[in-house]
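Presented below is the structure to which this report refers.
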Amino acid sequence: MAVVAPLLALLWGLPGLCRWLAQPYYPLSALLAAAFLIVRKVPPLCRGLPSQREDGNPCDFDWREVEILMFLSAIVMMKNRRSITVEQHIGNIFMFSKVANAILFFRLDIRMGLLYLTLCIVFLMTCKPPLYMGPEYIKYFSDKTIDVSISPTLGLLGGFACCPPKPVPLWQEELERDKRVTWIVEFFANWSSECQSFAPIFADLSLKYNCSGLQFGKVDVGRYTDVSTRYKVSTSPLTKQLPTLILFQGGTEIMRRPQIDKKGRAVSWTFSEENVIREFNLNELYQKAKKQSKPREEGPEKPPAVPAAVPQEESKKDK
Numbered sequence: 006m007a008v009v010a011p012l013l014a015l016l017w018g019l020p021g022l023c024r025w026l027a028q029p030y031y032p033l034s035a036l037l038a039a040a041f042l043i044v045r046k047v048p049p050l051c052r053g054l055p056s057q058r059e060d061g062n063p064c065d066f067d068w069r070e071v072e073i074l075m076f077l078s079a080i081v082m083m084k085n086r087r088s089i090t091v092e093q094h095i096g097n098i099f100m101f102s103k104v105a106n107a108i109l110f111f112r113l114d115i116r117m118g119l120l121y122l123t124l125c126i127v128f129l130m131t132c133k134p135p136l137y138m139g140p141e142y143i144k145y146f147s148d149k150t151i152d153v154s155i156s157p158t159l160g161l162l163g164g165f166a167c168c169p170p171k172p173v174p175l176w177q178e179e180l181e182r183d184k185r186v187t188w189i190v191e192f193f194a195n196w197s198s199e200c201q202s203f204a205p206i207f208a209d210l211s212l213k214y215n216c217s218g219l220q221f222g223k224v225d226v227g228r229y230t231d232v233s234t235r236y237k238v239s240t241s242p243l244t245k246q247l248p249t250l251i252l253f254q255g256g257t258e259i260m261r262r263p264q265i266d267k268k269g270r271a272v273s274w275t276f277s278e279e280n281v282i283r284e285f286n287l288n289e290l291y292q293k294a295k296k297q298s299k300p301r302e303e304g305p306e307k308p309p310a311v312p313a314a315v316p317q318e319e320s321k322k323d324k
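The opening residue of the sequence shown carries number 6 in my numbering; numbering runs sequentially from there.
This is how it looks when you write it as structure tokens:
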């Protein structure tokens with residue numbers, strides 16, 4: 006069993022591994038993460054490299070390089086304690102491995118360090134992490150549609166104080182027919198690794214809980230900066246507010262995660278499926294939304310048929 010279980014797990018994850026290898030981001034990241042190991046250990050490349058070992062062997066790590074690698078391992082282990090998905094684990098390994106490689110190359114030779122740093126910059130500029138493209142029940146908003154869809158009163162009245170309202174698309178009109186719809190909206194940015202890791206989790210939640218009274222939406226605040234200002238979601242490179250989940254009921258914000266303290270800083274919160282279900286009471290919201298949608302699906306009750314009037318007999322007076 007000790008051998009069969011890992012083999013079954015490998016076979017189960019083989020399709021996902023093949024999809025990863027088919028995308029250039031992960032193989033190139035792995036190559037950059039293992040660059041110093043390849044240069045130091047492969048005999049044709051390690052010949053002539055400087056070494057501080059007593060035996061002078063250039064194809065083996067010296068004591069300082071071992072210390073740096075051990076420190077890297079400790080940082081990766083500490084960082085991965087809060088990781089949820091496999092992508093987060095692999096992303097942390099790649100990121101800190103590249104930092105350690107840059108330090109090791111600069112320590113070995115400043116020219117090799119500059120070359121490695123240049124390769125990393127070119128890689129970041131030309132090769133982006135793959136986005137989630139799986140099934141989902143999510144509506145994507147822009148800066149002009151989010152207010153109209155979530156809060157029709159704000160979008161059609163308050164938002165046009167100095168100019169006439171623009172024509173509203175048909176799908177927005179459908180959203181405006183019932184203000185009892187509860188929205189869970191994710192404010193994200195494509196460049197954020199945390200948002201990319203949370204994308205499959207949010208998509209899975211939308212597949213499980215989406216109904217006519219509970220719907221899921223997303224808006225790219227990295228693209229629509231005025232939306233981030235309006236809803237007070239920071240998009241700075243060092244922010245801890247991406248992604249941000251906000252629950253809207255009747256066009257009003259009820260709660261958000263992560264929360265913001267009095268100093269304007271985001272309170273640490275783990276974006277796992279269990280935490281979202283518990284904090285936002287998705288099971289309760291789903292049951293409530295299903296109960297509200299049943300009368301609408303059945304349609305209004307038909308009024309009882311009124312029997313035809315029976316002609317009354319002539320009164321004695323008429324006779």
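All C-beta atoms in this analysis are idealised placements derived from N, C-alpha and C, irrespective of residue type, glycine included.
Note that the structure is a prediction, hence the values are computed from the model and not measured.
* Starting from the Cα of F111, find the closest Cα among F101, F41, G96 and give me that residue. => Within the sequence shown, the letter at position 106 stands for residue 111. Of the candidates F101, F41, G96, the one whose C-alpha sits nearest the C-alpha of F111 is F41.
* Asked: Taking the continuous beta strand (DSSP E) assigned at E284, which residues delimit it?
  -> On the sequence shown, residue 284 is found 279 positions in, with the first residue counted as 1. No beta strand (DSSP E) contains E284, which is instead part of the alpha helix (DSSP H) from 278-284.
* **Cβ neighbour criterion (16 or more within 10 Å) applied to S211** => Counting from 1 along the sequence shown, the entry for residue 211 is found at position 206. So S211 counts as buried.
* Sort S198, E199, K223, K133 by Cα distance to K144 and report the nearest one. => As a working mapping, residue 144 is identified with position 139 in the sequence shown. Closest by C-alpha distance to K144, out of S198, E199, K223, K133, is K223.
* Secondary structure at W274, three-state DSSP: helix, strand or coil? -> Counting from one through the sequence shown, the residue named residue 274 turns up at place 269. If DSSP states are grouped into helix, strand and coil, W274 belongs with coil.
* **Contact the stretch 105-125 vs the stretch 134-142: 3+ CB pairs below 8 Å** => no
* Whether L247 touches S197 by CB criterion (9 Å) -> The sequence position of residue 247 within the sequence shown is 242, counting from 1. The sequence position of residue 197 within the sequence shown is 192, counting from 1. Closer than 9 Å, so yes.
* **Three CB pairs or more closer than 8 Å across the stretch 37-51 and the stretch 93-103** => Segments in contact, yes.
* If we call anything under 9 Å between Cβ atoms a contact, is F187 one with Q254? -> Counting from one through the sequence shown, the residue named residue 187 turns up at place 182. Counting from one through the sequence shown, the residue named residue 254 turns up at place 249. Per the sequence shown, residue 187 should be read as Thr rather than Phe. Contact: yes.
* To do: Run the CB neighbour count on N195, radius 10 Å, all protein chains shown included, and call it buried at 16 or more, exposed below.
  => In the sequence shown, counting from the first residue as 1, residue 195 sits at position 190. With fewer than 16 other Cβ atoms within 10 Å, it is exposed.
* Asked: What's the C-alpha gap between E92 and L124?
  -> For this step, residue 92 is matched to residue 87 along the sequence shown. For this step, residue 124 is matched to residue 119 along the sequence shown. Taking the straight line from one Cα to the other gives about 22 Å.
* Straight-line CA distance for R261 to D67? -> Counting from 1 along the sequence shown, the entry for residue 261 is found at position 256. Counting from 1 along the sequence shown, the entry for residue 67 is found at position 62. About 50 Å.
* Asked: Three-state secondary structure (DSSP) at V226?
  -> What you label residue 226 is simply residue 221 of the sequence shown in a count that begins at 1. The answer is coil: DSSP assigns V226 none of H, G, I, E or B.
* **Rounded separation between V71 and G53 - CA only** => Along the sequence shown, read from residue 1 onward, the residue named residue 71 stands at position 66. Along the sequence shown, read from residue 1 onward, the residue named residue 53 stands at position 48. Computed Cα separation, rounded: 20 Å.
* Asked: What is the DSSP secondary structure of V91, reduced to helix, strand or coil?
  -> The count along the sequence shown starts at 1 and reaches residue 91 at position 86. Helix, per DSSP.
* To do: Run the CB neighbour count on K171, radius 10 Å, all protein chains shown included, and call it buried at 16 or more, exposed below.
  => Mapped onto the sequence shown, residue 171 falls at position 166. Confidence at K171 is low in this model, with a pLDDT of 40, below 50, so its placement is unreliable and the value that follows should be read with caution. The residue is exposed, with fewer than 16 neighbouring Cβ atoms inside 10 Å.
* Asked: So what does DSSP say about Q201, is it helix, strand or coil?
  -> As a working note, residue 201 is residue 196 in the sequence shown. Here Q201 sits in helix by DSSP.
* Looking only at C-alpha atoms, which of F128, V232, L74 sits nearest to P29? -> Mapped onto the sequence shown, residue 29 falls at position 24. Among F128, V232, L74, the Cα nearest to that of P29 belongs to F128.
* Give me the Cβ distance between G227 and Q297, rounded to the nearest whole Å; I'm assuming they're in contact under 8 Å. => As a first step, residue 227 is located in the sequence shown; it is residue number 222 there, counting from the start. As a first step, residue 297 is located in the sequence shown; it is residue number 292 there, counting from the start. Rounded, the Cβ-Cβ distance is 34 Å, inconsistent with contact.
* Asked: Are F5 and A204 close, meaning C-beta to C-beta below 9 Å?
  -> Because the chain here runs from 6 to 324, residue 5 falls outside it and cannot be looked at.
* Asked: For the putative contact between A105 and L77, defined by C-beta atoms under 8 Å, what is the C-beta separation to the nearest angstrom?
  -> For this step, residue 105 is matched to residue 100 along the sequence shown. For this step, residue 77 is matched to residue 72 along the sequence shown. At roughly 4 Å, the Cβ-Cβ gap stays under 8 Å, so A105 and L77 are in contact.
* To do: With distances taken Cα to Cα, identify the nearest neighbour of K213 among D65, M130, R69, K295.
  => In the sequence shown, the residue the question calls residue 213 occupies position 208. Minimum Cα distance to K213 is reached at K295.
* Buried or exposed: where does D60 fall if 16 or more other Cβ atoms within 10 Å of its Cβ makes it buried? -> The sequence position of residue 60 within the sequence shown is 55, counting from 1. Looking at its Cβ environment, which holds fewer than 16 other Cβ atoms inside 10 Å, D60 is exposed.
* **Close beta carbons around N288, own chain, < 6 Å, minus the five adjacent residues each side** => By one-based count along the sequence shown, residue 288 stands at place 283. Same-chain partners within the cutoff: there are none.
* Quickly, what does DSSP pair V190 with across the bridge? List them, please. => On the sequence shown, position 185 is the one that residue 190 refers to. V190 is bridged to G222, I251.
* Residues bridged to K144 [DSSP beta-bridge criterion] -> Here residue 144 is taken as the residue at index 139 of the sequence shown, counted from 1. Answer is G222.
* To do: Quickly, what does DSSP pair I265 with across the bridge? List them, please.
  => Against the sequence shown, residue 265 aligns to sequence position 260. According to DSSP, I265 bridges with A271.
* To do: Could you round the C-beta distance between T230 and T244 to whole angstroms and report it? I think they count as a contact, below 8 Å.
  => If you number the sequence shown from 1, residue 230 lands on position 225. If you number the sequence shown from 1, residue 244 lands on position 239. Contact doesn't hold; Cβ gap of about 13 Å is too wide.
* **Residues sharing a beta bridge with C216, DSSP** => Indexing the sequence shown from 1 puts residue 216 at position 211. L219.
* Mind checking which residues open and close the alpha helix (DSSP H) that includes P63? => For the purposes of this step, residue 63 is taken as the residue at position 58 of the sequence shown. No alpha helix (DSSP H) holds P63; DSSP gives it neither H nor E.
* **Endpoints, the alpha helix (DSSP H) within which Y31 is located** => Against the sequence shown, residue 31 aligns to sequence position 26. 30-38 is the span of the alpha helix (DSSP H), which, as asked, contains Y31.
* If I'm right that F221 touches I189 with Cβ under 8 Å, what's the distance once you round it to whole angstroms? => What you label residue 221 is simply residue 216 of the sequence shown in a count that begins at 1. What you label residue 189 is simply residue 184 of the sequence shown in a count that begins at 1. With 8 Å as the limit, F221 and I189 qualify as a contact, their Cβ atoms being about 5 Å apart.
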